[in-house]
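Residue numbers (the numbering used here): 11 to 264.
Here is the structure we will look at, set down as structure tokens.
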């Protein structure tokens, strides 16, 4: 059964909702859908009180360390941590309260070549059960291609059943942002959801494009309930009007 997983997206130390495809190193062209008055810790406390497990804190670039630490301290063991994770700091984030760490860019060379050695080393260092691999991707001629560096750089890894099989030996979950529809509230990528659901061997969380409750229902239907979902800009606690947070809490309580 598809579950709602909460998120805390951090940019320059603030909780924000951003159109994913506009992230860049220099900040030019960045589109912000929402900037919260509440702190990251405030959101973590809310999720803890409503027992919304399996969510994630994502650092979108530098300047987010203190906010991320505060969120993890507000709910030790309650949320995953992603953004800037490497083998040098993964254990530190786990000690700070992250349930698992989420990694993408560190697994690739500068040219987008995947390093199996790095994946194996990290999995061995912290344990497979503590590692989530982020396969956030863009639509390409190959289907979907993993993008790194805040979704700016296409890698040489495509999201296929074979690649999902290979990576799953070393991680406990996947997080998959559909970067092309992230933050647009225009509907989810159901073809990608179907691919993930048809594979369905380990837990997966999909993000991108949810605009209303029917999108969540569609993810459950098209993935046969094997893919969980996170909701960003459409959610009322993030300034949206398409999805009510209270409805998602009720959805998980079914």
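Just so it is clear, CB atoms sit at the ideal spot from N, CA and C, and this is done for glycine as well.
Bear in mind the structure is a predicted one, so any value in this text is a computation, not a measurement.
- A direct Cα-to-Cα measurement between residue 159 and residue 262 gives close to 32 Å.
- Residue 181 is bridged by DSSP to nothing; it lacks a bridge partner.
- Membership of residue 58 in the alpha helix (DSSP H) is indicated by the continuous run 50 to 59.
- Residue 219 is a Cβ neighbour of residue 188, given a cutoff of 8 Å.
- Residue 107 places its beta carbon 8 Å or farther from that of residue 66.
- As DSSP reads the structure, residue 148 sits in a beta bridge with 155.
- Counted as a single uninterrupted DSSP element, the beta strand (DSSP E) harbouring residue 43 occupies residues 42 to 45.
- Counting only residues of its own chain and dropping the five nearest sequence neighbours on each side, residue 70 has a CB closer than 8 Å to the CB of 19, 20, 21, 26, 28, 33, 93 and 160.
- Taking the C-beta atoms as reference points, residue 222 is found nearer than 8 Å to residue 244.
- In the three-state reduction of the DSSP assignment, residue 238 falls in the strand class, which pools E and B.
- Comparing alpha-carbon positions, the option among 213, 126, 258 and 247 lying closest to residue 226 turns out to be 258.
- Contact between residue 43 and residue 249 holds: CB atoms are separated by about 7 Å, below the 8 Å threshold.
- In the DSSP annotation of this structure, residue 195 is not part of any alpha helix (DSSP H), being labelled neither H nor E.
- For residue 18, the beta-bridge partners assigned by DSSP are 67.
- In the DSSP assignment, residue 214 is bridged to 184.
- Linking residue 75 to residue 82 through their CA atoms gives a straight-line distance of about 11 Å.
- Secondary structure at residue 136: helix, using DSSP grouped into helix, strand and coil.
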